[in-house]
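Okay, so here's the structure we're looking at.
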Amino acid sequence: MTVTVRPPAQRTGNDKIPVFVPAIGIDTMKHLTDAFDVGWLGMGATTKDFEERIAAYLGGDRMVVCTNTGTSALHIALLAAGIGPGDEVITPSFNYVADHQAVRMTGASVVMCDINDDDLGIDIASAEALIGPRTKAIIPLHFSGIPCRSAAVYDLARRHGLRVIEDGCHAFGSTIDGAKIGSFGDIACFSFDPVKIITSIDGGCIVTSNPAEIDKLQHLRLLGVDKDTTLRYKNKRAWDYDVVDEGYRYHLTNILASIGVSQIKRVDEFIASRRAVCERYSAAFDGIDGLRVLRRSYDDVSPFIYSLRVLGGRREALIEHLAARNIEVGIHFVPVHKHTYFARARRSPMPVTERVVDEVLTLPLHSLQPEAWIERVIEGVQSFFGA
Ligand SMILES: Cc1ncc(COP(=O)(O)O)c(C=O)c1O
2 MTVTVRPPAQ RTGNDKIPVF VPAIGIDTMK HLTDAFDVGW LGMGATTKDF EERIAAYLGG
62 DRMVVCTNTG TSALHIALLA AGIGPGDEVI TPSFNYVADH QAVRMTGASV VMCDINDDDL
122 GIDIASAEAL IGPRTKAIIP LHFSGIPCRS AAVYDLARRH GLRVIEDGCH AFGSTIDGAK
182 IGSFGDIACF SFDPVKIITS IDGGCIVTSN PAEIDKLQHL RLLGVDKDTT LRYKNKRAWD
242 YDVVDEGYRY HLTNILASIG VSQIKRVDEF IASRRAVCER YSAAFDGIDG LRVLRRSYDD
302 VSPFIYSLRV LGGRREALIE HLAARNIEVG IHFVPVHKHT YFARARRSPM PVTERVVDEV
362 LTLPLHSLQP EAWIERVIEG VQSFFGA
């Protein structure tokens, strides 16, 4: 049985439908109380358990280091990849600002490229045009869970000697040619923040096949202390430690990892239920004059959000129409080059980004979403277009 966390108002017929609702069941509550019972609240054996489950879920020969957020995962992944002052890292402007801030945290400069009009993923030609002698890495985003053109990204990286740090924060469980994103390639990062497909309340991880980089990441995660990871994985502390490297306090605690463990056990169920909602939405909206759906089939997508495009400058009117029906929506994203702090960053022309940001709309999508809410969202959108 799932006890979903919902505000009381949502129990009535016209209750508000939030964009995000976490799926927290009594199974999660049980894992949490068990974790408290162990009496070791900080990073420990449950953190290791969560990491091993992530590695097993993704498949391949991958190793996993969990962190306290997806942003800190991106930060230390970049450091482990050798990114630092004087370097440049390319990522789309159409992305969450966590990536751009993570690049800045390393002392490197972020350079922003455009996206494709179809999958809203990184536009390879626009990224390639930005490559210069200082370019060291590229961060592609799998927007909303839809895989980006990964083969082209890796081909670009190989031709120019770049590291690839995949932002898989929207795409935990999405696949490319049957292989899960993060199970292959260079480095991938994920987020388990409160609204992601699986949550550890706040949390993230880095995935790589390189043992030397795993060592480095473990030091970067825990203040550069040498023996801490091995002993903490056994719910113990070392008192004769040395500090061997630069480091931050970015670890994931046992308590939060226990929530992650409870959630990853149900990830397939969550993904299947979300895919079904996305396919219902797309079947209902595809063909409506004035709308553009991103996908009809979600077979290879672990959908974090359901995003569609509202054409002809009618997005704000649709938002009002849905608000009147008590349906909340979101907008992913305000492009990062529009933010004050990043306005002067080097970037490519942004014709697709500039157009898309006025069109994208995020509809409610939840794991185990109630049928009545799916129908109300579909009716809300269709009635606006007279469909
Ligand atoms: C695309 C993307 N990258 C990175 C992050 C950062 O993850 P976190 O919130 O866990 O720091 C997010 C979070 O929303 C995200 O959507």
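Numbered per the numbering used here, the sequence shown spans residues 2 to 388. By construction, the Cβ of each residue, glycine as well, lies at the ideal position given by its N, Cα and C atoms.
Residue environment, residue i, which counts as buried when at least 16 other CB atoms sit within 10 Å
i: Ile25; result: buried
i: Trp240; result: exposed
i: Ala344; result: exposed
i: Lys137; result: buried
i: His103; result: For the record, residue 103 in the displayed sequence is Ala; it is not His. Flag for Ala103 reads buried.
i: Thr200; result: buried
i: Asp100; result: buried
i: His168; result: One point to set straight first is that residue 168 is Asp, not His, in the sequence displayed. Per the 10 Å Cβ criterion, buried.
i: Lys217; result: buried
i: Pro23; result: buried
i: Asp290; result: exposed
i: Gly14; result: exposed
i: Arg12; result: Confidence at Arg12 is low in this model, with a pLDDT of 48, below 50, so the placement of that residue should be treated as unreliable; the coordinate-derived value is given next. Classification for Arg12: exposed.
i: Asp88; result: buried
i: Asp229; result: buried
i: Ser82; result: Looking at the sequence itself, residue 82 is Ala, so the reference to Ser does not match. Looking at its Cβ environment, which holds 16 or more other Cβ atoms inside 10 Å, Ala82 is buried.
i: His340; result: exposed
i: Glu270; result: exposed
i: Phe37; result: exposed
i: Tyr342; result: exposed
i: Gly122; result: buried
i: Glu321; result: exposed
i: Asp156; result: exposed
i: Asp287; result: exposed
i: Phe134; result: The sequence shown places Pro at residue 134, rather than the Phe named in the question. Under this definition Pro134 is an exposed residue.
i: Val335; result: exposed
i: Pro119; result: It should be pointed out that residue 119 corresponds to Asp in this sequence rather than to Pro. That one is exposed.
i: Trp374; result: buried
i: Pro148; result: buried
i: Ile27; result: exposed
i: Ala152; result: exposed
i: Arg377; result: buried
One or two residues paired with residue i in a DSSP bridge
i: Ser110; result: Glu89
i: Ala239; result: DSSP output for Ala239 lists no bridge partner at all.
i: Asp301; result: BP columns for Asp301 are empty, so no partner.
i: Ile123; result: Ile116
i: Val165; result: Ile139
i: Ala64; result: Correcting the residue type first, residue 64 is Met in the shown sequence and not Ala. In DSSP, Met64 forms a bridge with Thr209.
i: Val244; result: Val226
i: Arg345; result: Its beta-bridge partners do not exist; DSSP assigns none.
i: Arg250; result: Leu223
i: Val294; result: Leu309
i: Ile260; result: Looking at the DSSP assignment, Ile260 forms no beta bridge with any residue, so it has no partner.
i: Ala1; result: For residue 1 there is no data in the structure shown, the boundaries of the chain being 2 and 388.
i: Gly331; result: Thr363
Where the alpha helix (DSSP H) containing residue i begins and where it ends
i: Met44; result: Looking at the DSSP string, Met44 is not in any alpha helix (DSSP H), and its letter there is neither H nor E.
i: Ser368; result: No alpha helix (DSSP H) holds Ser368; DSSP gives it neither H nor E.
i: Thr29; result: 27-39
i: Val358; result: Per DSSP, Val358 belongs to no alpha helix (DSSP H) and is neither H nor E.
i: Ala74; result: 71-81
i: Cys149; result: Counting along the chain, Cys149 falls outside any alpha helix (DSSP H), and DSSP gives it neither H nor E.
i: Cys170; result: Here Cys170 belongs to no alpha helix (DSSP H), and DSSP marks it neither H nor E.
i: Phe386; result: Where Phe386 is concerned, there is no enclosing alpha helix (DSSP H), given that its DSSP letter is neither H nor E.
i: Ala324; result: 316-325
i: Ser283; result: 268-286
Range of the contiguous beta strand (DSSP E) that encloses residue i
i: Val22; result: Run containing Val22: none; DSSP gives neither H nor E here.
i: Gly204; result: No beta strand (DSSP E) holds Gly204; DSSP gives it neither H nor E.
i: Cys190; result: 188-192
i: Arg310; result: 307-311
Beta carbon proximity, residue i to chain D, threshold 7 Å
i: Ala99; result: Of the protein chains in this structure there is only one, and it is not chain D.
Handout entry: Contact between the segment 160-178 and the segment 39-50 (3+ Cβ pairs under 8 Å)
Key = no
Exercise for the section: Evaluate the contact criterion for the segment 123-138 versus the segment 102-115: three or more CB pairs, one atom per stretch, below 8 Å. Expected result: yes
Problem - At least 3 beta-carbon pairs within less than 8 Å: the segment 176-189 vs the segment 52-70 - result: yes
Exercise for the section: Would you be able to state if there are at least three C-beta pairs under 8 Å between the segment 33-43 and the segment 252-264? Expected result: yes
Exercise for the section: Inspect the CB distances between the segment 247-255 and the segment 215-224 and report whether three or more fall short of 8 Å. Expected result: yes
Practice task
Output the residues surrounding ligand 1, defined as those with a CB atom closer than 6 Å to any ligand heavy atom, in chain order.
Solution key: Thr70, Gly71, Thr72, Asn96, Tyr97, Ala99, Asp100, Leu142, Asp168, Cys170, His171, Ser192, Asp194, Gly205
Practice task
Determine, using beta-carbon pairs with one atom in the segment 320-338 and one in the segment 291-303, whether at least three such pairs fall under 8 Å.
Solution key: no
Practice task
Count the CB pairs spanning the segment 229-237 and the segment 37-45 that are closer than 8 Å, and state whether there are at least three.
Solution key: yes
Problem - Given 8 Å, three or more beta-carbon pairs between the segment 352-371 and the segment 271-281 - result: yes
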